[in-house]
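The structure appears right after this line, and notes come after that.
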Amino acid sequence: MLTGIGTMLLTFVAMEGVAWLMHKYVLHGFLWFLHKSHHTHHHHAFEWNDLFFAYYGTLAMLFFIFGSDPIDYRFWIGAGITLYGLAYFLIHDVFIHRRIKVFGKTSNVYLKALNMAHKVHHKVQDKNGSESFGMLWVAPRYFRLAYEIVKKQEQEERGSVHY
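Okay, so the sequence shown: first residue is 202 according to this note's numbering, each after it adds one.
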């Protein structure tokens with residue numbers, strides 16, 4: 202059981218690398234024709250880009266099926282992919298893009314840095330020239346910027362900023 206949980210957590214961490222590579226070289230590469238819906242302003246609930254959930258969901262399902270009788274490492278890989286998918290949905294779709302409006306503004310430095318990095322990624326409306334392709338990993342410069350913003354906001358709330 203402990204090995205299984207370790208496999209699941211290792212898969213979760215590895216999925217960030219897989220997602221980064223897929224995003225940079227596949228979504229901003231030969232599958233841009235689907236992913237560009239995500240970089241285009243629109244007023245409808247779904248994007249062509251949402252089809253990638255089906256790909257990862259199918260992959261996780263196959264790992265669950267082939268690793269469930271008896272339960273082996275493939276089951277736990279499927280669980281890690283599923284856990285990453287849940288994190289992706291909550292962080293990317295709900296928190297960053299506000300596709301479901303449940304989160305307000307945050308003063309958490311990590312979440313603010315993550316949001317900033319994603320906004321920089323979306324500044325480029327073309328398949329070339331983007332940066333910040335990961336979902337959970339954030340470049341240090343965004344942490345520095347987010348920290349300064351949060352610090353300034355806290356000072357303003359306390360009334361200790363003097364112009």
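Cβ atoms here follow ideal geometry from the backbone N, Cα and C, with glycine treated the same way. Computed from a predicted model, the values in this text were never measured in an experiment.
Buried versus exposed call for residue i [16 or more other C-beta atoms within 10 Å across all chains shown]
| i | result |
| --- | --- |
| residue 276 | buried |
| residue 320 | exposed |
| residue 352 | exposed |
| residue 308 | exposed |
| residue 212 | buried |
| residue 315 | buried |
| residue 241 | exposed |
Inter-residue CB distance, residue i and residue j (contact presumed, cutoff 8 Å)
| i | j | result |
| --- | --- | --- |
| residue 217 | residue 336 | 7 Å |
| residue 237 | residue 324 | 15 Å between Cβ atoms; not a contact. |
| residue 331 | residue 239 | Not confirmed; about 11 Å, so no contact. |
| residue 257 | residue 282 | 6 Å |
Bridge partners - residue i, DSSP secondary structure assignment
| i | result |
| --- | --- |
| residue 272 | 269 |
Delimiting residues of the alpha helix (DSSP H) encompassing residue i
| i | result |
| --- | --- |
| residue 367 | There is no way to answer for residue 367, as the model of the chain reaches only from 202 to 364. |
| residue 365 | Because the chain spans 202 through 364 in this model, residue 365 falls outside it and cannot be assessed. |
What runs of the alpha helix (DSSP H), each 4 residues or longer, lie entirely inside the region 271-341? Listed in chain order, they are 274-289, 310-324.
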